[in-house]
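Quick notes on the structure that follows.
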Amino acid sequence: MSMGPGVVEGYRKVAPVVTRDGGSVTINAGGIYYRQMNEAIRAAVADGTTHIVLDNVNGQRYIGTGVSAKGVKIDVHGTAGNDLAMFMDGPTIEVFGSAQDGVGNTMNAGKVIIHGDAGDVLGYGMRGGSVYVHGDVGYRVGIHMKAYENLVPIMVCGGKARDFFGEYMAGGILVLLGMNTQFAEQPLVGSFVGAGMHGGVIYLRGQVESWQCGKEVGITEATEEDMAALKPLLADYCETQGTDLAEVLSVPFTKLAPFSHRPYGKMYAPM
Amino acid sequence: MPVSFIQPEFKVKIDYDKCHKCGRCVQQCGWGVYNFNERPIPDDSKCRACHRCVTYCPAHCISIEKNQLAYRDNDNWSPAARKAIWRQAETGGVLLTSMGNPLPYTRIFDQLLLDACQVTNPSIDPLREPMELRTFIGHKPDSVGVEPDGQGGFRLAEGEGLQNNLTLNTPILFSPMSYGSVSLNVHKSLAMAAQRLGTFMNTGEGGLHADLYPYQDNVIVQVASGRFGVNQDFLNRGAGIEIKIGQGAKPGIGGHLPGEKINKEVSSTRMIPQGTDAISPAPHHDIYSIEDLRQLIYALKEASGYKPVGVKIAAVHNVAAIASGIVRAGADYIYLDGFKGGTGAAPQVIRDHIGIPIEIAIAVVDQRLRDEGIRNWASIIAAGSIRSSADVAKAIALGADAVAIGSASLMALGCHLCQSCHTGCCSWGITTQKPELTRRIDPEWGAEQLTNLVHAWSHELQEILGALGVNAIESLRGSRERLRSLGLDEQTNKILGVKPAGM
Chain A
402 MSMGPGVVEG YRKVAPVVTR DGGSVTINAG GIYYRQMNEA IRAAVADGTT
452 HIVLDNVNGQ RYIGTGVSAK GVKIDVHGTA GNDLAMFMDG PTIEVFGSAQ
502 DGVGNTMNAG KVIIHGDAGD VLGYGMRGGS VYVHGDVGYR VGIHMKAYEN
552 LVPIMVCGGK ARDFFGEYMA GGILVLLGMN TQFAEQPLVG SFVGAGMHGG
602 VIYLRGQVES WQCGKEVGIT EATEEDMAAL KPLLADYCET QGTDLAEVLS
652 VPFTKLAPFS HRPYGKMYAP M
Chain B
36 MPVSFIQPEF KVKIDYDKCH KCGRCVQQCG WGVYNFNERP IPDDSKCRAC
86 HRCVTYCPAH CISIEKNQLA YRDNDNWSPA ARKAIWRQAE TGGVLLTSMG
136 NPLPYTRIFD QLLLDACQVT NPSIDPLREP MELRTFIGHK PDSVGVEPDG
186 QGGFRLAEGE GLQNNLTLNT PILFSPMSYG SVSLNVHKSL AMAAQRLGTF
236 MNTGEGGLHA DLYPYQDNVI VQVASGRFGV NQDFLNRGAG IEIKIGQGAK
286 PGIGGHLPGE KINKEVSSTR MIPQGTDAIS PAPHHDIYSI EDLRQLIYAL
336 KEASGYKPVG VKIAAVHNVA AIASGIVRAG ADYIYLDGFK GGTGAAPQVI
386 RDHIGIPIEI AIAVVDQRLR DEGIRNWASI IAAGSIRSSA DVAKAIALGA
436 DAVAIGSASL MALGCHLCQS CHTGCCSWGI TTQKPELTRR IDPEWGAEQL
486 TNLVHAWSHE LQEILGALGV NAIESLRGSR ERLRSLGLDE QTNKILGVKP
536 AGM
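These protein sequence lines are chains A and B, in that order.
Residue numbers for the first sequence follow the working numbering, so the first one is 402 and each next one is one higher.
Residue numbers for the second sequence follow the working numbering, so the first one is 36 and each next one is one higher.
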């Protein structure tokens, strides 16, 4: 990557080819720099387009970033780059492939469905909407997810996760299934699960050892009541991801919840 | 029942012969110092020396004195060091304090002197001649393209010249201070003053309250590690966006706004539940490198239609190299916060021992960016104890484009530097959310106080420029030749790029 302002080698800084078919717009993102590609997306949204198809995506960043619109569907064919759906407020993005880091960063509302794997720091500071990942995810997933009034963010990851899952979590629902994984030999989740957690809830399909978890979380088996609340969410996930709900529910879930909304309340001595 | 070893720091003296017995001191004190039993009876141990009672006593019969307890002389174990140990032995806690570093480190600004014209070049009278303070914050182009204007002259070619810069009528902004750490009336005062002055206030990490929307063209919105109050609407409203990496008072650590300060209004602005701690992680977990910072800068630009995006860091040892990376990452300005910068709450050990002076940071960052030929890519905003117009002039001569004032602006609203912001009981109604205290600041009055202060400093800056024989703040920027040092060592002079007085 060149470090001059806004210059990235290997991508052409030209408007992509856009074809319109009724209410649907197809953007050929092949070799196009993210800025021009995203301008085309925003222009389509501004025109009232409700279905946007991105073809030949290969790591372009910021797809759907800052897009505020209801009833808009964006299909991504290829690998979505970093900060997919950052600050997004409303649209649904479906990725037919994998996504990289920072999916749903500080996202407000909408839905992101990823049919492959995803990278690190997913859902950072996410305040609402949902992110469904089919496969494995990386480090610090669900970090500092928060909730406010009627906004409750939801993230479901179908594979396995690395360290710091749900770190600093302040709200929302974070679920890990451990099913669609490339890492059969690895544990369900890494270490420091829920470190610094002070709100929200984490559900793990299967077991976790207490040494894997942050000192701020309590570990219990999910109750029937918990599962009744979780089931519609899992059903929605299964429908979008083509996963078998009965198989998801065939293993008992573990619930992680924080002991306190104020984990560091007694740490200081005011002078 | 064990007693505390810590004795009161102050003595509250009341001249009862003069006292009206009106009880105003009881009502004014945010710390609960006074009991009223036919006359006010003070509890010295609660006094913070904030002078609210002194100021409002109609009889002028209250004085606050230092509790001059004798300790056996020991230069090594100061009374403050002993007090800290006793407090930690009582509590086991991290000592929490507020406002800027009070320790007697060298104050470099006070050892720098400005030049003036005498005989060989004329000074300028700013009262009768134009004196430009207007300042542009943002990326400046490497070159300027012009085209014939058809009348024998030239004009800027299309797309040339300054793009997406913030325009300041005077090179002074208000520092980021969050709603939550300060009251809404303080935020309103700052926003109104910024609009009247043609400069900017900064939300800090706490979101933008709806009452500030009318002033949004003079507001820089801040995105910090907790992402509190940050959504698309917030980014759309700001005139510029600032990524906060660090703060001079507490470099390298996060923040905890305690749950008891998260009332309904603060909760709605931060978009978090009431009563929950607002925890700002130490780093942004999407930034572990300059490349990651670039990713966030461009995410914010993408989301905001390419508004200017600045990056605020604490001045630390390797600040010049870090600044170079930040500028190369695409920041439109870099905000340097020196180690004497204020705070609403910080661990004492961090506040007092981490970071470097702002004077040094400005000089080394300006020099590094010049050496690399990228000084025009970003502006430098300097902060961290700017106490007067002289400090502003010296900071700009060292290489800053503008300065930001936090502590000074709070002093304009009544702050007496009692270093107790973290208690949430500020008698002056500044760093508190208690309604009976916050209503002490009328935003209209606050805006006038702030406007007066910045106007006064701006006039003084014009006087300084006139004495220097230049007619624009641009001509002082980075002009270290107009500075001399007094009593600084050779190495420091070299780092500052300043000659000693007499040379």
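For each residue, glycine too, the CB sits at the ideal point set by N, CA and C.
Query                                                                                                                                    : Result
Rounded straight-line distance, which links the Cα of N266 (chain B) to that of R462 (chain A)                                           : 19 Å
Enclosing alpha helix (DSSP H) for Q230 (chain B) [first to last residue]                                                                : 219–232
Opening and closing residue of the beta strand (DSSP E) in which F269 (chain B) lies                                                     : F269 (chain B) -> not in any beta strand (DSSP E); alpha helix (DSSP H) instead, spanning 267–272.
Whole-angstrom distance between M236 (chain B) and D477 (chain B), CA atom to CA atom                                                    : 18 Å
As assigned by DSSP and simplified to three states, the class of S403 (chain A)                                                          : Low confidence applies here, because S403 (chain A) scores a pLDDT of 42, under 50, leaving its location unreliable; read the following figure in that light. Here S403 (chain A) sits in coil by DSSP.
Burial state of R519 (chain B), where buried means 16 or more other Cβ atoms lie within 10 Å                                             : buried
V354 (chain B) beta carbon less than 9 Å from that of A417 (chain B)                                                                     : no
Beta-carbon proximity check, F654 (chain A) vs V618 (chain A), cutoff 9 Å                                                                : no
Proximity test, P77 (chain B) beta-carbon vs the ligand FAD heavy atom, cut-off 8 Å                                                      : Among the ligands in the structure shown, none appear at all, so the ligand FAD cannot be discussed.
Classification of N111 (chain B) by the beta-carbon crowding that lies within 10 angstroms, buried from 16 upward                        : exposed
Of the listed residues A:N506, A:I433, A:P492, A:D645, nearest to N459 (chain A) (C-alpha basis)                                         : A:I433
Own chain partners of H291 (chain B) with C-beta closer than 6 Å, once the 5 adjacent residues on each side are dropped                  : D312, I314
Anticipated Cβ contact below 8 Å, T234 (chain B) with N204 (chain B), distance rounded                                                   : 6 Å
Beta carbon proximity, K512 (chain A) to chain B, threshold 9 Å                                                                          : no
Beta-carbon spacing of A349 (chain B), E394 (chain B) below 9 Å                                                                          : no
Contacts around N70 (chain B), its chain only, beta-carbon distance under 6 Å, and the 5 residues preceding and following it disregarded : I76
Residue-chain proximity (D312 (chain B), chain A), Cβ-Cβ < 9 Å                                                                           : yes
Members of the region 521–545 of chain A near chain B, C-beta cut-off 8 Å                                                                : V522, Y525, G526, R528, R541, I544, H545
Strand pairing of G187 (chain B), partner residues [DSSP]                                                                                : According to DSSP, which records beta bridges pairwise, G187 (chain B) is partnered with nothing at all.
Short Cβ contact (9 Å threshold) for A562 (chain A) with G597 (chain A)                                                                  : no
Interfacial residues, the region 469–484 of chain A to chain C, with Cβ spacing under 9 Å                                                : Of the protein chains in this structure, namely A and B, none is chain C.
Chain B within 9 Å of A416 (chain A), Cβ atoms only                                                                                      : no
Contact under 9 Å by Cβ, N298 (chain B) with Q468 (chain B)                                                                              : yes
Three-state secondary structure (DSSP) of H478 (chain A)                                                                                 : strand
Three-way DSSP call (helix, strand, coil) for V301 (chain B) in this model                                                               : helix
Cut-off 8 Å between Cβ atoms - residues of its own chain near Y341 (chain B), not counting five sequence neighbours on either side       : N199
Beta-carbon contacts of C88 (chain B) that lie in its chain and below 7 Å, excluding the five residues immediately before and after      : C60, Q63, C64, I97
H222 (chain B), buried or exposed, once every other Cβ within 10 Å from all chains shown has been counted against 16                     : buried
Beta-carbon neighbours of D490 (chain A), restricted to chain B and to distances below 9 Å                                               : N266, Q267, D268
Contact belief for D539 (chain B) with I172 (chain B) at Cβ below 8 Å, rounded distance in angstroms                                     : Beyond the ends of chain B as shown, which are 36 and 538, falls residue 539 (chain B); an answer cannot be given.
The region 188–197 of chain B in contact with the region 408–426 of chain B per 3-pair CB rule at 8 Å                                    : no
Buried versus exposed, by CB contacts within 10 Å (16 or more), I49 (chain B)                                                            : buried
Uninterrupted alpha helix (DSSP H) stretches inside the region 118–162 of chain B (no shorter than 4 residues)                           : none
Identity of the residue in A:T420, A:S425, A:R421, A:A441 nearest K414 (chain A) by Cα                                                   : A:A441
CB contact check: H388 (chain B) to chain A, cutoff 9 Å                                                                                  : no
The region 319–334 of chain B touching the region 496–508 of chain A, judged by at least three CB pairs closer than 8 Å                  : yes
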